[in-house]
Each structure stands twice: as C-alpha cells, then as structure tokens.
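What follows is a set of notes on a single structure, which appears directly below.
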Amino acid sequence: MARTTAQFLYPTTKPIWSTTTTRASRYCCRTTPTRTLRRSPGALGDEVSPFFDDRAPRGHAPAARDIRYNGGLPGWTSFLLAAHPMNRFTSFLRAFVVALAAVALMEIVRQAVFKPVLGFSPKVMPGLVAVMLAAWFGGGKAGLIAAAINVLMLWCYHGGHIHFEVLRVDRQVRLVMFFTIGVFISLLVEALQSARQRAEARQRELEAEIAEREKVEQVNQVVSSRLRGIMDNTPTVIFIKDLQGRYVTVNRRFRDLCDRSQVLGCTDSELFPAEVAARLQANDHQVRETVQAIEFEEEVPHKGHARTYVAVKFPIFDSAGRIAAIGGISTDITERKRATDALEAEQEMLRHTIQSQDHERQLIAYEIHDGLIQYVTGALMQLEAMDAAGLPERNRDTLQSVVGIMRRAVDEGRRLMEGIRTPVLDGLGVVAAIENLIDEEERAHVEVEFVKDDSLGRMDPQIEEAVYRIAQEAFTNIGKHSQASKVRIELQRTGDKVHLEVRDWGVGFTPPARINGSVHGLRGMMERARIAGGTCAIDSAPDAGTRVVVDLPYVGQEAGACAEAAAPHAAEHPGPNGNGQGGA
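Residues in the sequence shown are numbered from 1 upward in steps of one, following the working numbering.
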C-alpha cells in the first residue's frame, strides 16, 4: 500500500488536497508550481499541479511538464483527479449539461421540424439521436444521462405510450429496452469516438514522423550534394567496391581515368589489363584479410601511359561490424615520382662525381708522396751527406741554404697532400683525422674543445669522408671569417645517426634565404651531407657565432678489415708528425 497526496487548484486559487491510498503504487507525489492543463473536448479544465513523477526519490522534485488528457487522465492519475468529491461533481455536472442540451435540442427539432413538416412526432428516434449526440460530445457518462432523461421524459410526459411496430410489450419492458438501447448507443459512440481519437493521434504521429523523415531526407540530400561536389572536384581518385570487386561509387576523376562513362557495376578485370587488374585485386584481398587501412603504390595505364598512384585502401563496415565494402583514395604521384627519380639520379651522379674526385685526390696525394716528396727527400738526404762530408767554407753557406729550401719544399708537399687526401683518415679513421685538424687549429692559437664518442668505431669510407670534409670546411670558415678564439666540436652516435656539430663564438653572420656556392663554402657542406643521405643546417646571427649541425646515417665498418686495406698506404705515407718511410 502507498499513500498518495495530490494538490488541485480550482478557479478560486485555494489549494484543495486529496489523500488517497492505492495498492502497490510505485509513484511519488511532490508539490511543484502549477501549470495550466491543456484541455481537449470533454476534458476537465482546471489547473493541476504537475507533481507526478515515476519512481521519484523522496526529497527530489520532478521536472515540470504539461499534463494532457482527453476525457479524463489515464491510469491512476485519472483516479486521483476523480477521487475528490468536488471533481466528481464537476464531471457529473458537465456531463449532465451536455446530455440536457442534446435532449433539449432533439426535443426542439421534434416539435419544430417533425410535427409541422412531416405531420407526425416520433418519440423514440429523437431520444436515440439525443443519446448519440450527448455521448459524442460529452462522453459515455453524458450518453447515459441523456438516456435516463429520455426515459424519464417518456415516462412522465408521454404516459409511457411508446409504439413499436415490431415489438408489442408492456410499458416497463419498453422503457428498459429504450434505456438499454441508449446505453448501447452511448458505449458505441464512446468507442467510436475513442477509436477516432486514437486514429487521429496515430495520424498526427505519422505526420510528425513523415515530416521528420522529410527533414532528415533534406539534410541527407544536402550532405550528399556537398559530398558529391567534393568528390567530383578533387584531383584524387575516390572509389568504393563491394566484396565482389564491383565499383559501386566512383568520382569524376576515376571516370576520366577509365575513359568510360559507365563504370558502376564493373570490375577491375573489365576496366584494366589483366596484369594491372590482378595487382589491384591482390591489394583489395590484403585489405580484407588484415581488416585495416593499407597504403599501396599502384601503376594504372591512362591514355597509353602508366600513371603512378599512392592508394590508401580501407575496409567499410556495416551496422553489424562486418566488412561490407572496400574504399580507396588514390593520389596521382607520377610527376612527383619522376622528379624523385631524377633527383635520385642526380644524387647518384653527384655521389659518383665526388667519389671520382676523392679517388683522383687520393691518386694525386700518392703521386705527390711517392713521386715529388720522395725525389726531394732523396736529394735532401744527398745534400745533407755532402754537408756532413765537409765542403769548403765558401760553398757551405750555399749548401745549407739549398737544404733549407728543400726541407720547406718537403713540408709544403706534405701540407698539400694533407689538403688533398689525408692518410690519417684512411689509416686511423675520422676521429684521428679530426684530431689532426684540431692540432693545426691549436697551432693557430684557437682553443678547440672536442667531444667525441669513444664507441663510434670505424664507419663507411663515404660517411667518414663526408664528416671529415664538412669539419675541415667548417674549420676553414672559422679561420677565414669567424675571428673566434674558441671552438667546440662534437661527434656522437645517436641511434642510427652520426651527429656532428661545430660551434664557434665569433662574429657570426646572417644566413641568406638561398645559399649558393659563394657563401663561405656552405653549399658544398650541404651538398656533401645530402649526397651522403643526411642533412646539414647552418645556424648563425651577427655577434652570436655560428653553429653547423650535421646528421648522417651511421654505416659501420669493421676496423680490422678497413685497417688491413689501408695498411700498405699508411706504411708508405708519413704520419702527421713527418715520421715514416721516406720522411726527411
């Protein structure tokens, strides 16, 4: 059992409380601001507080909402409204007024129309019509009241003389039959009215649903039109295939590619050569197997020429989560691929040119060492032997002058050979070669800090050559332009990269937007880094120094094999201090 309290506000604005007890009630009632009840024909027209809340927790007011009903509220709400005596009296009074009006109307019609016009005054038919009108406009209760009023009128005013052509029964039975027919008519009319109301409500629901669907359809048409506009005006190829490989959606670019107006429903085998169709179908199969988006590079013929596309193919799922189609977005990269191929060919040519230059430099260095320096060294040794053997005093000064010139020639040859191709790089690696450069810089009164990675090891000769030449060019620029007294060089391995950074604290400069070959040899450093597969960045500003940052791919090489290959040359060439075979 649950106790339910309802508040009703009548036109007097005085609250009237009604407390009822219902069995197994699951509802709670709360006091909330009143709302005007929306009335339909035959409904109560008082103000009712919308306090009803399904399963509302105690202490929480429900959301206010309009209560709408027709001929009484449904369920236990109508019971609450009908529970108060005043409400029952109002409902009965309204039904009585409607019934009385219907009976009076039909009595007027009987007296004013039937009797003067037709010459007779029927008693039963107007009463039944009054019952129907009362039930139609006032509900079943009004129909019952109208039937009772007609029975009372027949009994009192007509003396019970009701003439039936078919049935001949006494007066009491006739009145009971009339009342029964009235009740039946009332119930029938109420049922018809209820059915009509349900049909109208259903019709309104259908109209609202149709309007909503039309609105959704309009939105879908707008979205579809926009999507079609985007698809048809994009330079990329967009398509959707079903699981049988038939194209179900394509854009204008795809139709232009196929040179066909009818593409929908066709397969790859019908649009492209067999070899191309087989590759495309294999890619589609891979997407279905992996159930994820995959990027492919596909070649498709177009007007007698092969076009290269980067295609992203992806699965499209239905509402059940199953693959329903394969979508694809393909971008034409033919021109970009040609440019990439041309750039790679250019890089390969530059790489080959640099390798040839390095090889020629190495040969020139060998020729200088094995030819010129050896000859000059041999002549120097002979002159020194002659000086040791003793010469006349007048010839000794000349001989010593010639010996000094010969020694300077040997030093110049070694310096020239170091600039062309340092033997230290071939024999000991890039770390030792950079240390040799640092020694030369320190002799020029420049403080150099060298941060090196002891685990760097030997690398591919091309990488070592690029690192050394870039560091050498950076030191040359520092000596010519920087006016720096302190330099920091860092050589580290970071993952699969080798990192070189040369930093000075000199005058600096403003790097131009486009670096050409005349800017402090910067273009040469960048080209070497690019050909080696890396990058070279220049960071500088006036009075802020310069920083050269180089990242190259790390390609290791076993030191033993490299040292063994360079051993014969290292044995023949003098070291950085002038020692070795053939040294003066």
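Here a beta-carbon is modelled for each residue, glycine too, at the ideal position from N, C-alpha and C. Owing to the predicted nature of the structure, the values given are computational and were not obtained by experimental measurement.
Distance between residue j and residue i (C-alpha atoms, nearest Å)
i	j	result
G143	M132	7 Å
R253	Q218	27 Å
A102	S319	59 Å
R469	A379	34 Å
I478	V507	10 Å
T422	A433	8 Å
T353	V248	53 Å
P576	T308	Any answer about P576 is weak, because its pLDDT of 35 lies below 50 and its placement is not dependable; what the coordinates show is given next. So the two alpha carbons sit approximately 54 Å from each other.
N395	R407	19 Å
A277	L243	15 Å
L264	L522	57 Å
V403	I373	14 Å
L592	E367	Because the chain spans 1 through 584 in this model, residue 592 falls outside it and cannot be assessed.
K303	F272	12 Å
F96	R110	21 Å
L350	D341	14 Å
A345	E275	28 Å
R228	P235	13 Å
A385	P542	57 Å
Outcome for residue i when other beta-carbon atoms lying within 10 angstroms are tallied against a minimum of 16
i	result
I405	exposed
M125	exposed
K313	buried
Y375	exposed
F475	buried
F239	buried
K215	exposed
E447	exposed
S540	buried
S261	exposed
P461	buried
R202	exposed
D284	buried
E412	exposed
Residue i (DSSP reduced to helix, strand or coil)
i	result
L491	strand
D397	helix
V109	helix
F314	strand
P273	coil
H445	coil
G556	strand
P306	Before going on, a small fix: residue 306 reads as Ala here, not Pro. Residue state, collapsed to three classes: strand.
T267	coil
V103	helix
D426	helix
T334	helix
D454	coil
S296	Note on residue identity: the sequence assigns Phe, not Ser, to residue 296. Three-state DSSP puts F296 in a strand.
R213	helix
A24	Per-residue confidence for A24 stands at a pLDDT of 38, beneath the threshold of 50, marking its modelled position as unreliable; no derived number is given.
A471	helix
T340	helix
P235	coil
P392	coil
G140	helix
D358	helix
S319	coil
L80	The pLDDT assigned to L80 is 45, lower than 50, so where the model puts this residue is not dependable, and the model offers no usable value.
G404	helix
P511	coil
D284	helix
Assumed close pair residue i, residue j - CB separation to whole angstroms, cut-off 8 Å
i	j	result
A471	G545	In fact, because the Cβ distance is near 17 Å, the residues do not count as touching under 8 Å.
V287	L257	With 8 Å as the limit, V287 and L257 do not qualify as a contact, their Cβ atoms being about 20 Å apart.
G140	M106	No, G140 and M106 are not in contact; Cβ-Cβ is about 18 Å, not under 8 Å.
G534	V550	6 Å
Y554	R458	Actually they are not in contact, since the Cβ atoms of Y554 and R458 sit about 11 Å apart, beyond 8 Å.
A251	D232	Note that residue 251 is Asn in the sequence shown, not Ala. Contact holds; Cβ gap of about 5 Å.
E298	L280	7 Å
V431	L491	7 Å
A325	K241	6 Å
V410	T377	6 Å
A135	N150	No, A135 and N150 are not in contact; Cβ-Cβ is about 12 Å, not under 8 Å.
Identity of the residues DSSP links to residue i by a beta bridge
i	result
K241	Y247, I326
K497	T494, P553
S540	T546
T535	D551
M459	G556
P301	A306
R503	R488, R547
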